[in-house]
Amino acid sequence: MSENNNNKIAPKDSQNGLLRYLLGHGLIDQVELDECIQAQQALTDQNEQTSISGLLVAHGYLTPKQIERIKSRLEADKPLRQIPGFQMLEKIGSGAMATVYRAKQISLDRVVAVKIMPKHLSRDQEFVERFYKEGRAAAQLNHNNIVQAIDVGEAGGYHYFVMEYVEGESIHEQMARGKKFTEKEALNIIIQAARALAHAHERGFIHRDVKPKNVMLASGGVVKLADLGLAREMADL
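In full-length UniProt numbering, the protein residues as written are 1 to 237.
Now the structure itself:
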């Protein structure tokens, strides 16, 4: 009986947080978890190693995409990581690919935004290169309608990109709240975004992912073009 009671707890500490989250949010139930724990034990007895999360996928209870998304969320919810020269203030956004914090640049006493890549994505060299490419591309551009790059690097195994902090919302967020732009407002946004794209084009870059989520509206109606991760140098075309 004691063995069955112990099975109520994930056998590996590294999985405890994930499994507690899955149970707590109703994504799996205890019966499904017990089934996977028993399957893991049977495989271990045969000298085969596998994770509970892998078995949850194999049994059809979750998809690989769900597991990755939840792992990213749990990683983002850990205590704010310290990056030399910056003090993390609060998390302002997160997704499967990165988490963004509002932070203070200590040397200049100013507020910035810090985008941090989930640690498990660091194994994907192509993704890491794209992350740094965004920083390098933004660093070559200096325009009032483009989110300014400040720094890019790695600390404690985490890759980060520091950029200008924009006090405002994206066009997508405003439209999702029911905002209807007047013709004058829409034209103003388009003109400012076009100026940003022209500046990038003059310096040999094409932004390949212009969409409402990547167009920010700052105070005073200033448009800020963000996310240069898909920018491409024209010389490569």
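Yeah, the Cβ is synthetic: ideal placement off N, Cα and C, and Gly gets one too.
Given the structure is predicted, the values throughout are model-derived calculations rather than measurements.
{"Query": "In this structure, how does DSSP classify Gln49 when only helix, strand and coil are distinguished?", "Result": "coil"}
{"Query": "Distance check for Ser107 and Val114, CA to CA, integer angstroms please.", "Result": "15 Å"}
{"Query": "Alpha carbon to alpha carbon, how far is Leu225 from Ile150?", "Result": "15 Å"}
{"Query": "Below 8 Å, can you find three or more Cβ-Cβ pairs linking the stretch 172–180 to the stretch 122–131?", "Result": "no"}
{"Query": "Expressed to the nearest angstrom, what Euclidean distance is found between the alpha-carbon atoms of Glu164 and Glu183?", "Result": "29 Å"}
{"Query": "So Arg110 is in the beta strand (DSSP E); what residue range does that whole segment cover?", "Result": "110–116"}
{"Query": "Tell me whether Phe161 sits in a helix, a strand or coil according to DSSP, three-state version.", "Result": "strand"}
{"Query": "Using the beta-carbon count (16 or more within 10 Å), is Gln87 buried or exposed?", "Result": "exposed"}
{"Query": "Nearest chain B C-beta to Thr63 closer than 9 Å, yes or no?", "Result": "You won't find chain B in this structure, because it holds only one protein chain."}
{"Query": "Between the beta-carbon of Leu22 and the beta-carbon of Ile83, is there less than 9 Å?", "Result": "no"}
{"Query": "Return the bridge partner residues of Asp151 from the DSSP annotation.", "Result": "Val162"}
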